[in-house]
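Novice: Dropping a structure here in structure tokens format, bear with me for questions.
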Amino acid sequence: MSTINKLCCWSLLLAVVMSCTSTQKPGEDIRASTEMDGLEKVMQQEFLMTRDPQLNRVPRERLEIAHEYMKNLVINTNGTANRTQALAWQERGPNNVGGRTRAIMIDKRDATGNTVFAASVSGGLFKTTNFTSAVTSWAPVNDFLPNLAITALIQDPVNMNIMYAGTGEGWINVDAVLGNGIYKSTDGGVTWLALPFTIDPSTIFDYVQDLAIDNNGNIYAAMRNVRSSIRGVQRSTDGGATWTQVLGAPLINPGTGQEFWTGRAADLEVASNGDIYASLGLVGAAVTNRSIVMKSSFATHGANTGAVGTWTQITPTTVNPTQRTEIVVAPSDPNRVYLLMQDSASHEVQEMFRSTNGGSTWTPLSPPGALNNGSNSQTWFNLIGAVDPANPDALVVGGLQLARSTNGGDTWRQISTNSVMHVDQHALQFMGSSKLLVGNDGGVYYTENADVASPTQPTWINKNNGYNITQFYGTDLHPTNANYFLAGAQDNGSQRFVSAGMNTTSIATGGDGGFPHIDQQNSQLQITSFTGNNYARSLDGGLSFQVMSSVNNNRGQFINPTDLDDNSKILYCGDNADRYFFITGLLSSPVGNIANVPLMGGKEVTAIRVDQSAAHTIYVGASFGGIPQVIKISNANTTSPTVLSNANLGTIANANLSSIDIDPNNSNHLVATLSNFGVTSVWESTNGGISFSSIEGNLPDIPVRWAIFAPPTAQLNGTAGGNGGIILATELGVWTTSQINGAATQWIPNNSGLANVRTDMLRYRAVDNTLVAATHGRGLFTTNLPNVVTGVSNNPVTRDFIRYVSAENDQLLIVTGSLQTRNMNIQILNMLGQQVYATRNNYQNTAISLGQLQRGAYIVRILGDKKEYFVQHFIKR
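Just remember that the numbering used here sits 2 ahead of the position in the sequence shown, which is counted from 1.
Here it is as structure tokens:
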């Protein structure tokens, strides 16, 4: 598809799709989930963040080149290790919160129905062998497939060891991950290999919308493509070795009833009698992408069914042009066919039809309201249906919610609500008449009484245990509690982690979650964000959160950049162009303030970093409307701040500045990143942000979303690889360097135990060397940086021994708890583990002068006379 057509589709989409995210009442505890969907705003932000600014498109095909390059960096051609990956990542979950699921496949080899595969749009393929058990246990099949955007699954009905997985989420959502062909398994899903035809650059399959196998054993793929001429419906007669287009433009046959308005295919269905149905048409220009429904009759064509020239158009007449169309065929009656058709203007399903003669004639039906969401409807994105395998009159359809009919669609009742199931339905699989599996934006759900009579509702069970495909944007970690994390997720709010290992998380706040913060000096203060400048805070250590309604607004980015000044208790945030937003009074009555920065030149804030070494000093990243800039600002806590420096990153306009970090041991040493394709992504400053130079080195052309300095004694590449360095969160996991060397800097992927997945944010805790990674598709991961600090033990912190420590005004304030301890030994260590101060005091609130210490990062360690223990990192400014 041309760039012009893509931009037309993009413009149309932005004009007609609106957010469904609901808001909370002032002061309300918002742990309960809300309807979580701001899809169109995510799409817009993600497009701007990752597009090649010179092409004005997102060239995700470059990820495949980068992936091959990445493999060669780690593994030599003889199969031996090429680089030492010193970081050993541990998966943390959540194991109870899923994510967008477009395909579910019940393994026909297991008559119990316990073996099920589920596919995530960015987290890969998962499998369980105990699906119907009280607690389902999922496990990833292979985290290191070249592409984890799996959107379609089928199993050969004759040789059930053969399975196919299609990649690429092509429903015109720009946040979607580009696919890379079709994978095939011949051993029942244990191993998967890409079909060479589908990954060849000249015939690559970008977005596989659906897959089907007909009664002759031929395979069909419904396509939307970008990089090659492969489009429409593709057919393979040799197990996927080669493919031929059988439907879709530009395959046009004037006057035959097979004139195609579009090359974008949506749905495929095979009836029990061998008839094949296909729909063409997706969101886009109303004329070129209007939907049509085609059928190839097995009774007429036999072994040739599905080939070119065997298809007949059976599209019913509609009042308005329609686009995406879902076809639903009854397993027990091959002539019973239902159509769900998305209106091109409203994006609601306004047209629905039933046929009892295989599409020869159609009866119009009234669609259920559960499919739509008024002016916010997005059935171009979420639309699905399934018929009871034993009763052609009983069917379930899904859009926003689910609805069921027992009389062939004449009447309906809604069978899901926000309180029992996530919104946005994408997959339905019956297992008998009563058992129904559902895939949606919240993962996998299940009921064993789908056929219960009205007014009783089905009992829905969350089946996401271990199905860790959550799409996180940001995270923060507790200063002293080793297992406490907050993380903000698309569609699934802000999640609270409190356990070691894999976590069953709880919702801290609902809505689409953004960047969270935990005050590193007073962990009672915690902040979660929704979208734009909308925040909630906790003053009781995360037990409850209340909306900060007095300051909240919808300005700034959808996922808005923020940073918390732990010393001053000020939250700095993005806002409209030429300014930032900051919130004071976080421990009492929050006050919102706007700071104007005219030197931004019409740009928007896309990154913020507080300089802990200088009071009320921040760096902001300004993007869009020119060359991205890093701006250093003093008096940042005023409405008229002072710009100290303003430095360009590169020479390419309209790139997105995604992160800034400050070396804790040298406040003049900075790293900044850009997240677009086609730009130099990693930049270093050694003069406090006055100027920057590239340290991109050998890094491939991939979006870089976050950078963080490693401690000076971290060994990221083994004992011989050097100490310190920089850690990057990228579109292909985590990359590191131990030796910063300008344009010659050498980066390596450091993903042992981490999936081949987009990673959005990194956070570090010095007291126990913990690094946490927020991934957008595989949840949260942690690792302990090797040999970061010597001489500091990892003993657990004693509860209520020390309430908190605070470093301000050249004093270290130690606030004690309520234990019966009599004395305490206080030590201060530098980041090399060397003791720089020690004293013995009574167990009471204590203030220690820091005037003799240089600026930088330190660790305070406190030991009680009954072996109580406390340790925390702090910054001396």
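The beta-carbon is built from N, C-alpha and C at its ideal position, and this holds for glycine as well.
1) If I measure Cβ to Cβ from Thr688 and keep anything under 7 Å in the same chain, skipping five residues before and after, which residues do I get?
2) Using DSSP with H/G/I as helix, E/B as strand and the rest coil, what is Tyr71?
3) Leaving out the 5 sequence neighbours to the left and right, which residues in its chain are closer than 6 Å to Phe872 when beta-carbon positions are compared?
4) Restricting to Cα atoms, I'd like to know which of Leu180, Ala68, Thr52, Asp54 is closest to Pro702.
5) Around the Cβ of Glu870, are there at least 16 other Cβ atoms within 10 angstroms (buried) or fewer (exposed)?
6) In its own chain, which residues sit with a C-beta less than 7 Å from the C-beta of Gly490, not counting the 5 before and 5 after it?
7) Can you give me the C-alpha to C-alpha distance between Ala502 and Leu773, rounded to a whole angstrom?
8) With DSSP collapsed to three states, give me the class of Ile471.
9) Determine the DSSP secondary structure at Asp39, reduced to helix, strand or coil.
10) Just to confirm, are Arg611 and Ile596 a CB contact at a threshold of 8 Å?
11) Drop a sphere of 10 angstroms on the beta-carbon of Gln874, count the other beta-carbons inside from all chains shown, and report buried for 16 or more, exposed for fewer.
12) Since I believe Arg765 is in contact with Asp478 (beta carbons under 8 Å), could you give me their beta-carbon distance rounded to a whole number of angstroms?
13) With respect to the beta strand (DSSP E) encompassing Phe881, which residues constitute its N-terminal and C-terminal limits?
14) Span of the alpha helix (DSSP H) holding His480?
15) Could I get the ranges of all uninterrupted alpha helix (DSSP H) runs contained in the stretch 166 to 242, with 4 residues as the minimum, in chain order?
16) By a C-beta neighbour count over all protein chains shown, 10 Å radius and 16 as the cutoff for buried, is Met354 buried or exposed?
17) Hey, Ile359 and Asn337 are a contact pair by Cβ (cut 8 Å); roughly how many whole angstroms apart?
18) Express the C-alpha separation of Ala757 and Asp867 in angstroms, rounding to a whole number.
19) I'd like the list of long-range same chain contacts for Trp708, defined as Cβ closer than 6 Å, with 5 residues on each side in sequence excluded.
20) List the endpoints of the continuous alpha helix (DSSP H) containing Ala2.
21) Just reading off the beta strand (DSSP E) that Ala510 is part of, what are its end residues?
22) Check whether the stretch 294 to 304 touches the stretch 236 to 243, counting contact only when three or more Cβ pairs, one atom from each stretch, lie closer than 8 Å.
23) With a 10 Å radius around its C-beta and 16 neighbouring C-beta atoms as the bar for buried, classify Gln403 as buried or exposed.
24) Helix, strand or coil: how does DSSP classify Gln47 here?
25) Taking the alpha carbon of Ile184 as the point to measure from, which residue in Leu195, Asp335, His428 has its own alpha carbon closest?
26) Give the DSSP-derived three-state secondary structure of Pro751 in the structure shown.
27) Note down, in chain order, each residue of its chain lying with its Cβ closer than 6 Å to the Cβ of Ala154, except the 5 sequence neighbours on either side.
28) Could you name the residues that DSSP lists as bridge partners for Ala757?
29) CA-CA distance, Arg53 and Trp685?
30) Could you give the C-beta distance for Asp770 and Phe711, rounded to a whole number, given that I count them as a contact under 8 Å?
31) Between Asn466 and the rest of its own chain, which residues show a CB-CB distance below 7 Å, the 5 nearest in sequence each way excluded?
32) Considering only their Cβ atoms, is the gap separating Thr307 from Ile329 smaller than 8 Å?
33) How would you call Met162, buried or exposed, if buried means at least 16 neighbouring beta carbons within 10 angstroms?
34) At the level of alpha carbons, what is the spacing between Leu651 and Leu89?
35) Starting from the Cα of Gly544, find the closest Cα among Asn535, Phe560, Ser525 and give me that residue.
36) Taking the alpha helix (DSSP H) that Thr381 belongs to, which residues open and close that run?
Specialist: Result, derived from the coordinates:
1) In the sequence shown, the residue the question calls residue 688 occupies position 686. The answer, listed in chain order, is Asn670, His671.
2) Here residue 71 corresponds to residue number 69 of the sequence shown, with the count starting at 1. Residue state for Tyr71 is assigned as helix, using DSSP reduced to three classes.
3) Locating residue 872 in the sequence shown gives position 870, where the first residue counts as 1. Only Val799, Phe803, Ile804, Ile864 meet the Cβ criterion.
4) Against the sequence shown, residue 702 aligns to sequence position 700. When only C-alpha atoms are compared, the closest one is Ala68.
5) For this step, residue 870 is matched to residue 868 along the sequence shown. It is buried - the Cβ of Glu870 has at least 16 other Cβ atoms within 10 Å.
6) Stepping through the sequence shown from its first residue, residue 490 is reached at position 488. Excluding positions up to five away in sequence, the list reads Phe474, Tyr475, Gly476, Ser496, Gly515, Gly516, Phe517, Pro518, Thr530, Ser531.
7) In the sequence shown, residue 502 corresponds to position 500, counting from 1. In the sequence shown, residue 773 corresponds to position 771, counting from 1. Their backbone Cα atoms lie some 14 Å apart in a straight line.
8) Within the sequence shown, numbered from 1, the residue matching residue 471 stands at position 469. Coil, per DSSP.
9) Here residue 39 is taken as the residue at index 37 of the sequence shown, counted from 1. Here Asp39 scores only 39 on pLDDT, less than 50, and its place in the model is too uncertain to base an answer on.
10) On the sequence shown, position 609 is the one that residue 611 refers to. On the sequence shown, position 594 is the one that residue 596 refers to. The answer is no: Cβ separation not under 8 Å.
11) As a working note, residue 874 is residue 872 in the sequence shown. Gln874 counts as buried, since no fewer than 16 other beta carbons sit within 10 angstroms of its beta carbon.
12) In the sequence shown, residue 478 corresponds to position 476, counting from 1. In the sequence shown, residue 765 corresponds to position 763, counting from 1. Correct: roughly 6 Å between the Cβ atoms.
13) Not covered by the structure: residue 881. The range shown for the chain is 3 to 879.
14) For this step, residue 480 is matched to residue 478 along the sequence shown. From DSSP, His480 is part of no alpha helix (DSSP H); its letter is neither H nor E.
15) 198 to 201
16) Counted from its first residue, the sequence shown places residue 354 at position 352. Under this definition Met354 is a buried residue.
17) Taking the first residue of the sequence shown as position 1, residue 359 is located at position 357. Taking the first residue of the sequence shown as position 1, residue 337 is located at position 335. Rather than Ile, the amino acid found at residue 359 in this sequence is Asn. At roughly 5 Å, the Cβ-Cβ gap stays under 8 Å, so Asn359 and Asn337 are in contact.
18) Position 865 of the sequence shown holds residue 867. Position 755 of the sequence shown holds residue 757. Straight-line Cα distance between these residues: approximately 45 Å.
19) Numbered from its first residue, the sequence shown carries residue 708 at position 706. Same-chain partners within the cutoff: Ser661, Ala731, Met763, Leu764.
20) Missing from the structure shown is residue 2; the chain here goes from 3 to 879 and no further.
21) Within the sequence shown, residue 510 is the residue found at index 508, counting from 1. Element bounds for Ala510: 508 to 511.
22) no
23) For the purposes of this step, residue 403 is identified with residue 401 of the sequence shown, where counting begins at 1. When all chains shown are included, Gln403 counts as buried.
24) On the sequence shown, residue 47 is found 45 positions in, with the first residue counted as 1. Correct three-state label for Gln47: helix.
25) Walking along the sequence shown from the start, residue 184 turns up at place 182. Minimum Cα distance to Ile184 is reached at Leu195.
26) The count along the sequence shown starts at 1 and reaches residue 751 at position 749. Correct three-state label for Pro751: strand.
27) Taking the sequence shown and counting its residues from 1, the one referred to as residue 154 is at position 152. Only Ala105, Gly168, Val210, Asp212, Leu213 meet the Cβ criterion.
28) Numbered from 1 along the sequence shown, position 755 holds the residue referred to as residue 757. Note: Ala757 sits in no beta bridge, so no partner.
29) As a first step, residue 53 is located in the sequence shown; it is residue number 51 there, counting from the start. As a first step, residue 685 is located in the sequence shown; it is residue number 683 there, counting from the start. Taking the straight line from one Cα to the other gives about 19 Å.
30) Residue 770 sits at position 768 when you count from the first residue of the sequence shown. Residue 711 sits at position 709 when you count from the first residue of the sequence shown. Incorrect: roughly 18 Å between the Cβ atoms, too far for contact.
31) In the sequence shown, counting from the first residue as 1, residue 466 sits at position 464. If we look at Asn466 and ignore the five residues flanking it on each side, its Cβ neighbours are Asn98, Val99, Gly100, Gly445, Val446.
32) Translated into the one-based positions of the sequence shown, residue 329 becomes position 327. Translated into the one-based positions of the sequence shown, residue 307 becomes position 305. Contact flag unset, no.
33) Within the sequence shown, numbered from 1, the residue matching residue 162 stands at position 160. With fewer than 16 Cβ atoms within 10 Å of its Cβ, Met162 is classed as exposed.
34) By 1-based counting over the sequence shown, the position of residue 651 is 649. By 1-based counting over the sequence shown, the position of residue 89 is 87. Leu651 and Leu89: Cα-Cα distance of roughly 30 Å.
35) The residue you call residue 544 lines up with position 542 of the sequence shown. With respect to the C-alpha of Gly544, the residue from Asn535, Phe560, Ser525 having the closest C-alpha is Ser525.
36) Locating residue 381 in the sequence shown gives position 379, where the first residue counts as 1. Premise fails: Thr381 is in no alpha helix (DSSP H) and is neither H nor E.
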